[in-house]
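If you read the protein sequences in the order shown, they are chains R and U. Each residue of the first sequence is one higher than the last, beginning at 1 in this note's numbering. Each residue of the second sequence is one higher than the last, beginning at 257 in this note's numbering. Here a beta-carbon is modelled for each residue, glycine too, at the ideal position from N, C-alpha and C. Model, not experiment: these values are computed from the prediction.
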Amino acid sequence: MPFFKADHLVMRFGGLVAVNDFNLELQPGDLVGLIGPNGAGKTTVFNMITGVYRPTSGRIYFQDKDITGKRPDIITALGIARTFQNIRLFTDLSLIENVMVSYHVRLKSNIFEAVFKLPRYMRQENAMYEEAMELLHKVELDHLAEEKAGSLPYGEQRRLEIARALATHPKLLLLDEPAAGMNPNETLQLMDFIKQIRDEFDLTILLIEHDMKVVMGICERIWVLDYGKTIAVGTPSEIQNNPEVIKAYLGEEEYA
Amino acid sequence: MSWESFFQNLSNGISLGGLYALIAIGYSMVYGILRLINFAHGDIFMLGAYIAFYGMLIFSLPWWLSLIVSIILTAFIGILIDKGAYKPLRNAPRISALITAIGVSFFLENLGLVVFGGRPKGFYRPHIFDEIITIKGVRILSLTFYSLVITAIFLVLLFYIVYRTKTGLGMRAVSTDMETARLMGIDVDKIISITFAIGSGLAAVGGVLWAMKYPQINPLMGIFPGLKAFIAAVLGGIGSVGGALLGGFILGIAEIMLVAFMPQLSGYRDAFAFLILILILLVKPTGLLGVEVKEKA
């Protein structure tokens, strides 16, 4: 059984088939891209994996477990975290609080221990705080820890979202267009950052991206979706030379 | 008006305001998380008073133990109401949940009439609350003072939970964005249950203190305090705990002062609260401390 497997996933919304027969296998440490034109069903795949949607048919396996249709919080606890195409931070909470929301996955004390500041709670609380600060340090936002997340500029919000996802201790990280809205320089930094966290946290990463430079630059394998169907799978160079893909997607792109 | 009677009225206003605040917080917290006006909240308040009443009458519990039992049982009832009535409608249009809340309210009132009987019951007021304290010529009932102390204790506890614990952080995260909170590993159903429990528990505190203050209880006693507290929550900015607190005190003090300064208008006391509601909705619909919340789909 592979580390992660999506087996013949289908998602229908009424008459619309958003994803049709999607298959994907990941091995630990993979850095895989999921590309395709707008509306190809990429985000829908993420939503099925994270439990936001229950697939119409097909199964999802993660670390030898069938996680199809499980609740999002349970799937997160099992080790899958994500970021969002349109950033979804808790804008009213501070940066450190955003990261510490991940508490809920791992902190094992209850409200009474919290109110009475029992030793176990305090120990865990302090450890969590330290760890959250360290994550903020990694994304170079630790000096803003007490600011409201909503007050950050766009690029920094993206980095905070990644830090928040990392705080849940994921084994599989799903990044939904991490480079969207970034300038070329920021994008370069981001590519380095993604590789770096993959190695540092032993992550497997699946990312959706429109920016071909990012996908071709860091992904080892690429899945191409079009109208809900997988039209090609391969290495970046194979994808670049695949006539199906060129027709569907890269035809107009200069990288093709 | 002499300053003695001014302070006397002020202390009455603050103590009434504290009770409004205790109830208003439950409205505000539930709204913050579910975008639902829980119109049954006033009736939960009534149940809190009855539970304490029976605790003292049948089980001869001391008042403070009755209060604690009432908080715990009422909190459970709050959770049950959510699980039974609102949870099945979580993905339904919000108007369905709102209508259900009104239905639950009628249900509890009529259940109260059947189970407790419609005749008002005299609520026992412990002796320590029955003394007159005189401070520099201002005579106040000791209940007015203690009621404020008890209110303050629970409010401090509430703020501690909301702003200093992981559960509170979860509540604030869920209230900002439920979907994302779930994806960050928060058990949203548990957070919602805790929210109902805390809101209902505070309503029970309000109910017991109210019943000591106006020592007659009946199954419909929750309607007006419930509506007033709802107004207080809207006034302060519904969804905000601090707002509910502020709105509660403003409304309580304003009501008492209206009657004190213009006794001829005392019959309009309740209408006055609704006037405030209409004004705030016209002038600043988000309330004093409220921020524009984006409507959840």
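Can you find a C-beta in chain R that's less than 8 Å from the C-beta of residue i?
i                 : result
Asp338 of chain U : no
Gly334 of chain U : no
Val325 of chain U : no
Gly274 of chain U : no
Ile355 of chain U : no
Arg438 of chain U : yes
Ile293 of chain U : no
Val286 of chain U : no
Pull the bridge partners of residue i from the DSSP assignment, please.
i                 : result
Trp223 of chain R : R:Leu34, R:Val233
Ser94 of chain R  : R:Lys148
Glu260 of chain U : DSSP output for Glu260 of chain U lists no bridge partner at all.
Ile389 of chain U : U:Ile396
Gly378 of chain U : U:Gln472
Leu172 of chain R : R:Ile80, R:Thr204
Val10 of chain R  : R:Ser57
Looking at chain U, is there any beta carbon in it that lies within less than 8 Å of the beta carbon of residue i?
i                 : result
Met100 of chain R : yes
Pro2 of chain R   : no
Arg54 of chain R  : no
Thr76 of chain R  : yes
Tyr103 of chain R : yes
Ala114 of chain R : yes
Phe90 of chain R  : yes
Pro119 of chain R : no
Leu34 of chain R  : no
Thr50 of chain R  : yes
By DSSP, does residue i sit in helix, in strand, or in coil?
i                 : result
Ser449 of chain U : helix
Val17 of chain R  : strand
Ser267 of chain U : helix
Phe410 of chain U : helix
Asp73 of chain R  : helix
Leu317 of chain U : coil
Glu140 of chain R : coil
Asn237 of chain U : Residue 237 of chain U cannot be examined here, being either before or after the span of chain U that is shown, 257 to 553.
Glu209 of chain R : coil
Taking all protein chains shown into account, do 16 or more other C-beta atoms lie within 10 angstroms of the C-beta of residue i, making it buried, or fewer, making it exposed?
i                 : result
Thr235 of chain R : exposed
Tyr470 of chain U : exposed
Pro243 of chain R : exposed
Gly318 of chain U : The amino acid at residue 318 of chain U is misidentified as Gly; the sequence shows Pro. With fewer than 16 other Cβ atoms within 10 Å, it is exposed.
Tyr154 of chain R : exposed
Ser322 of chain U : buried
Gln157 of chain R : buried
Arg428 of chain U : buried
For residue i and residue j, I'd like the C-alpha separation in whole angstroms.
i                 : j                 : result
Gly29 of chain R  : Ile222 of chain R : 15 Å
Asp176 of chain R : Tyr342 of chain U : 33 Å
Lys552 of chain U : Leu290 of chain U : Here the model assigns Lys552 of chain U a pLDDT of 47, short of 50, so the residue's position is not dependable, and the following value carries that caveat. Cα to Cα, the separation comes out at about 9 Å.
Gly498 of chain U : Leu545 of chain U : 8 Å
Gln240 of chain R : Asn183 of chain R : 23 Å
Thr542 of chain U : Asn474 of chain U : 34 Å
Asn268 of chain U : Gly478 of chain U : 20 Å
Thr83 of chain R  : Phe262 of chain U : 57 Å
Gly503 of chain U : Leu491 of chain U : 5 Å
Val101 of chain R : Ala296 of chain U : 31 Å
Leu203 of chain R : Phe3 of chain R   : 11 Å
Gln196 of chain R : Ile494 of chain U : 44 Å
Glu140 of chain R : Ala437 of chain U : 24 Å
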